[in-house]
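Each residue of the sequence shown is one higher than the one before, counting from 110 in my numbering.
One structure below.
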Amino acid sequence: MKITNAEVFVCSPGRNFVTLKVHTDEGIFGLGDATLNGRELAVRSYLEDHVVPCLIGRDPTQIEDTWHYLYKGAYWRGGPVTMTAIAAVDVALWDIKGKALGTPVYNLLGGKSRTGAMVYGHASGSDIESTVAEVGRYIKMGYRAVRAQCAVPGMSGTYGVGRGDLFYEPAEKGLPPEATWSTESYLEHVPKLFEALRSSYGPDVVHLLHDVHHRLTPIEAARLGKALEPFRLFWLEDPVPAELQEGFRVIRSHTTTPIAVGEVFNTIWDAHVLIREQLIDYIRMSISHGGGISHMRKVAALAELHHVLTGFHGATDLSPVSLAAAVHFDIAVHNFGIQEYMRHTAETDRVFPHTYHFEDGYLYPGEEPGLGVDFDEELAAKFPYERAYLPINRKTDGTLHSW
Ligand code: KDG
Ligand code: MG
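Listed below in C-alpha cells is the structure:
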C-alpha cells in the first residue's frame with residue numbers, strides 16, 4: 110500500500126478544527142486531528158508545506174518508522190505545532206491500519222482491558238449554589254465523575270467557568286479577551302465550593318475534580334491541596350505552570366490530594382521526571398498534542414511502571430477524531446485512569462459522524478474497523494475558519510498571568 114495524497118481541512122462547526130485526511134492507492138483513507146487551539150493555521154501550514162510532500166509514496170503501514178522519520182528527520186524536535194502535526198499523521202495511519210486489517214484500533218493496541226472508559230464532565234456556575242446544582246445535573250445524566258469550577262466573587266470572567274450549558278467552549282471569537290485574577294479570593298473560595306458539594310452529595314456518590322489552570326505558586330498549590338483533602342478530590346489539575354517541575358516536589362511534600370498535569374505537554378521528555386519521581390498521579394497528555402497513539406503508548410508504558418494513570422485531555426478543542434482515538438486507547442491501555450469528555454456541539458457531531466457513544470458515565474468505542482469516525486467534507490465547507498483565541502489573564506494589578 111502507498112500514500113497517494115494527504116489533505117488538510119480547516120473548518121469551524123461551532124469551533125475551529127484542523128483535520129488531516131491521508132489517502133492510499135487502495136482507496137482506504139485515515140483521519141487525524143491537527144487542531145491546536147488558537148494556533149490552528151500554524152499546524153495547517155506545517156502539514157501542507159512541510160509534511161504532506163514527504164508522505165507521498167510512503168507505505169502507510171510503517172507507522173513507527175514514519176513517526177521517527179517526522180520527529181527525528183525534522184532536526185527541530187518537539188513543540189506543540191510539530192507534535193500536533195506528527196500526531197495527526199500517526200493517528201491517520203492507525204486508522205488506515207485498522208481499516209486495512211478489518212479491526213477496530215483498540216484491537217491493534219492489545220485488545221480490551223475494560224469495556225468502557227469512565228469519563229468526567231464539566232460542571233460550572235456563577236456561584237456555589239448554581240455550581241452544586243450543575244454537578245447534580247451531571248450526576249442525573251449518569252456521570253460518575255464531574256469537574257467543578259465556580260466563578261470567584263469579584264473577578265470578571267473566571268477562566269474554565271462555562272456559561273451554564275453542556276457545550277462550554279473556552280476559546281472566544283476575535284482577538285483574545287482579557288480576564289482578571291486574584292489568588293487570594295480564589296484560595297478562599299474553592300474549599301467552600303467543595304465543602305458544599307460533599308455536604309450535598311455525600312462522600313462517595315461522585316468523583317470530584319478541579320482544574321487550577323496553572324495559576325498558583327507551588328506553596329499556594331500545596332495549601333489548596335491540603336485544604337481540599339477532607340473533600341477527597343479525584344484530582345487537582347495543573348496546580349502550577351509545569352515548566353519548572355521542581356515545584357511539584359513542594360506540592361507533593363505537603364498534600365495527599367492527587368495531582369494531574371500534562372495537557373500542554375508534547376513529548377515524553379516533558380513528563381518523564383514527574384512520572385519517574387511519582388510527583389503526579391495522572392498524566393493528562395493527549396493523543397493529538399502528544400505525538401499520536403505511537404508516542405502516547407510509550408508515555409503510558411512509562412507511567413504504568415511508576416503507578417501513574419492516564420487522564421487524557423478531552424476538551425472541545427480535541428475533535429471527535431481525537432476523542433475516538435482516545436477511547437480506543439483508554440479501553441486498551443492497562444493503566445487508564447479517566448477520560449475528560451466535554452461534549453461537542455450538534456454541528457461538530459454532524460461534520461464528524463462517529464460511533465463512540467456515552468452511556469451511564471462511560472464512553473464506548475465503535476466496533477467497526479479503524480477509529481470509527483468519518484469527516485463530511487461538504488458540510489465542513491459550510492463552516493469556514495473563524496479566528497478565535499483562549500483568553501488572556503491578568504492579576505488585579507495588571508500583570509499578565511497564566512491563562
Ligand atoms: O485548549 C485549551 C483548553 O482545552 C483547556 O483550557 C481546557 O484546561 C482545560 C481542560 O482541562 O479541559
Ligand atoms: Mg485543564
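Just so it is clear, CB atoms sit at the ideal spot from N, CA and C, and this is done for glycine as well.
Glu149 and Lys130 closer than 8 Å at C-beta: Along the sequence shown, one-based indexing puts residue 149 at 40. Along the sequence shown, one-based indexing puts residue 130 at 21. No, the pair does not count as a contact, with Cβ atoms beyond the cut-off.
Nearest residue (CA-CA) to Lys249, options Ala232, Ala260, Asp320: Here the question's residue 249 lines up with position 140 in the sequence shown. Here the closest residue by C-alpha is Ala232.
Validate contact between the region 483-501 and the region 223-240 using beta carbons, cut 8 Å, 3 pairs: no
Under the three-state DSSP convention, the category Ile205 falls into: As a first step, residue 205 must be located in the sequence shown, where it is residue number 96. Helix at Ile205.
CB of His398 within 8 Å of CB of Pro429, strictly: As a working note, residue 398 is residue 289 in the sequence shown. As a working note, residue 429 is residue 320 in the sequence shown. At a Cβ-Cβ threshold of 8 Å, His398 and Pro429 do not count as neighbours.
N- and C-terminal bounds of the beta strand (DSSP E) containing Tyr229: Along the sequence shown, one-based indexing puts residue 229 at 120. It spans 226-234 - the beta strand (DSSP E) in which Tyr229 sits, taken as one unbroken run.
Touching by the beta-carbon criterion (3+ pairs, under 8 Å), the region 436-444 and the region 205-222: Three or more Cβ pairs closer than 8 Å define a contact, and the region 436-444 meets that threshold against the region 205-222.
Closest residue to Ile384 among Lys504, Gly401, Ala410, Gln171 (Cα-Cα distance): Taking the sequence shown and counting its residues from 1, the one referred to as residue 384 is at position 275. Ranked by how close their Cα comes to the Cα of Ile384, the residues Lys504, Gly401, Ala410, Gln171 have Ala410 in first place.
With 16 other Cβ atoms within 10 Å as the buried cut-off, status of Ala242: Numbered from its first residue, the sequence shown carries residue 242 at position 133. The residue in question, Ala242, is exposed, as its Cβ has fewer than 16 Cβ neighbours within 10 Å.
For Phe138, the residue or residues it bridges with in DSSP: As a position in the sequence shown, residue 138 is number 29, starting the count at 1. Answer by DSSP bridge pairing, in chain order: His132.
Cβ-Cβ distance between Leu179 and Val198 below 8 Å: Counting from one through the sequence shown, the residue named residue 179 turns up at place 70. Counting from one through the sequence shown, the residue named residue 198 turns up at place 89. Their beta carbons are under 8 Å apart, which means Leu179 touches Val198 by this criterion.
Through-space distance from Arg186 to Tyr155, alpha-carbon basis: Numbered from its first residue, the sequence shown carries residue 155 at position 46. Numbered from its first residue, the sequence shown carries residue 186 at position 77. Approximately 13 Å, taken between the alpha carbons.
Beta carbon of Leu218 nearer than 8 Å to that of His381: Taking the first residue of the sequence shown as position 1, residue 218 is located at position 109. Taking the first residue of the sequence shown as position 1, residue 381 is located at position 272. No. Outside cutoff.
Sheet register partners of Ile501 (DSSP bridge): Walking along the sequence shown from the start, residue 501 turns up at place 392. BP columns for Ile501 point to Glu287.
Inter-stretch contact (C-beta, 8 Å, three-pair minimum) for the region 157-174 and the region 335-347: no
Outcome for Glu487 when other beta-carbon atoms lying within 10 angstroms are tallied against a minimum of 16: Along the sequence shown, read from residue 1 onward, the residue named residue 487 stands at position 378. When all chains shown are included, Glu487 counts as exposed.
Whole-angstrom distance between Met110 and Arg256, CA atom to CA atom: Position 147 of the sequence shown, counting from 1, holds the residue named residue 256. Position 1 of the sequence shown, counting from 1, holds the residue named residue 110. Approximately 44 Å, taken between the alpha carbons.
Endpoints, the alpha helix (DSSP H) within which Tyr247 is located: Numbered from 1 along the sequence shown, position 138 holds the residue referred to as residue 247. From DSSP, the alpha helix (DSSP H) with Tyr247 extends over 237-249.
Cβ-based neighbour list, Lys206, same chain, cut-off 7 Å, excluding 5 preceding and 5 following: On the sequence shown, position 97 is the one that residue 206 refers to. Contacts found: Thr170, Ile172, Leu217.
Bridge-paired residues (DSSP) for Gly479: Locating residue 479 in the sequence shown gives position 370, where the first residue counts as 1. The partner list for Gly479 (beta bridge, DSSP) reads Pro213.
Selection from Asp379, Arg332, Thr133 that minimises the alpha carbon distance to Ala209: Here residue 209 corresponds to residue number 100 of the sequence shown, with the count starting at 1. Nearest C-alpha to Ala209: Thr133.
For Trp378, the three-state DSSP class (helix, strand or coil): For the purposes of this step, residue 378 is taken as the residue at position 269 of the sequence shown. Helix at Trp378.
Exposure label - Val161; buried when at least 16 CB within 10 Å: Locating residue 161 in the sequence shown gives position 52, where the first residue counts as 1. Per the 10 Å Cβ criterion, buried.
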